[in-house]
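Numbering (the working numbering), first residue to last: 3 to 239.
The C-beta atom is built at its ideal place from N, Cα and C for all residues, glycine as well.
If you're wondering where the values come from, they're calculated on a predicted model, not measured in any experiment.
To start, the structure under review is shown below, and the notes come after it.
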Ligand code: CA
């Protein structure tokens, strides 16, 4: 990934005023962008273009944002920030496994959105590839039957491959790299999501943890890998 190249953002938003305002602000902040005004067009553009991040509204004509997100995730790991109209809507989304990396509630300040865009792009797969260790180094992290191949972003559980979203993968790698040390939700937001202080919502951590557990634990009520030390935080042992 060339660092001097402008990062390209896909804006999927049916309200023309909002889309235009976003586009202008992104341009001023040094980003390239494309706009899609409905879900179908958004999906086609997302699958056809090479975007560094997708801003996805939920209430969209032709296909809603949940559907668009789920379909993009079948093919691409591009970071997706979902834009919700209300807090209550956000609660609903947090319960759905659409594969989005982040959520922003309207009305948001552009600075807040920009902080999230930056941190999600920074943590996207492309950057990880660039930072991956040299060929001869060991690319494997493991805890018993759980094996992470950091060169291929592949995770196996007892020899069976498991599919993780970007954030589930990042969280798993972080906790496995710091075995036994519990991290609070605030610390995880900072370390794994890259948020400073108030930009993050700690429920995002809980939701990601519970999805990760559902994928790596045989019985989520009796975890063997991912534990929660009450009042302290999450850890893997
Ligand atoms: Ca809308």
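Quiz item: Should residue 62 be counted as a contact of ligand 1 given a C-beta to heavy atom distance under 7 Å?
Solution: As a position in the chain shown, residue 62 is number 60, starting the count at 1. Indeed, a heavy atom of ligand 1 lies less than 7 Å from the Cβ.
Quiz item: Can you pull the DSSP bridge partners for residue 57?
Solution: As a first step, residue 57 is located in the chain shown; it is residue number 55 there, counting from the start. DSSP lists 13, 83 as partners of residue 57.
Quiz item: Got a sec? Which residues, its chain only, sit under 6 Å from residue 10 by beta carbon, not counting five neighbours each side?
Solution: In the chain shown, counting from the first residue as 1, residue 10 sits at position 8. Excluding positions up to five away in sequence, the list reads 34, 53, 54.
Quiz item: Do the segment 60-78 and the segment 25-43 touch if we need at least three Cβ pairs shorter than 8 Å?
Solution: Yes: the two stretches touch, three or more of their Cβ pairs being nearer than 8 Å.
Self-check item: From 51, 123, 107, 145, residue whose alpha carbon lies closest to that of residue 174
Solution: Against the chain shown, residue 174 aligns to sequence position 172. For residue 174, the closest of 51, 123, 107, 145 by C-alpha to C-alpha distance is 145.
Quiz prompt | Cut-off 7 Å between Cβ atoms - residues of its own chain near residue 143, not counting five sequence neighbours on either side | solution = Walking along the chain shown from the start, residue 143 turns up at place 141. Cβ within range, chain order: 150, 152, 175, 178, 179.
Quiz prompt | Residues of its chain near residue 161, where Cβ-Cβ distance is below 8 Å and the 5 sequence neighbours each way are ignored | solution = Numbered from its first residue, the chain shown carries residue 161 at position 159. Contacts found: 147.
Quiz item: At which residues does the alpha helix (DSSP H) containing residue 171 begin and terminate?
Solution: Looking up residue 171 in the chain shown gives position 169. Residue 171: member of the alpha helix (DSSP H) spanning 168-179, first to last residue.
Quiz item: Name the DSSP beta bridge partners of residue 230, please?
Solution: Here the question's residue 230 lines up with position 228 in the chain shown. Beta-bridge pairing links residue 230 to 236.
Quiz item: From residue 79 to residue 68, what distance separates their C-alpha atoms?
Solution: By one-based count along the chain shown, residue 79 stands at place 77. By one-based count along the chain shown, residue 68 stands at place 66. Rounded to whole angstroms, residue 79 and residue 68 show a C-alpha spacing of 15 Å.
Quiz item: For ligand 1, any of its heavy atoms closer than 7 Å to the Cβ of residue 2?
Solution: With the chain represented from 3 up to 239, any question about residue 2 goes unanswered, as that position is not in the structure.
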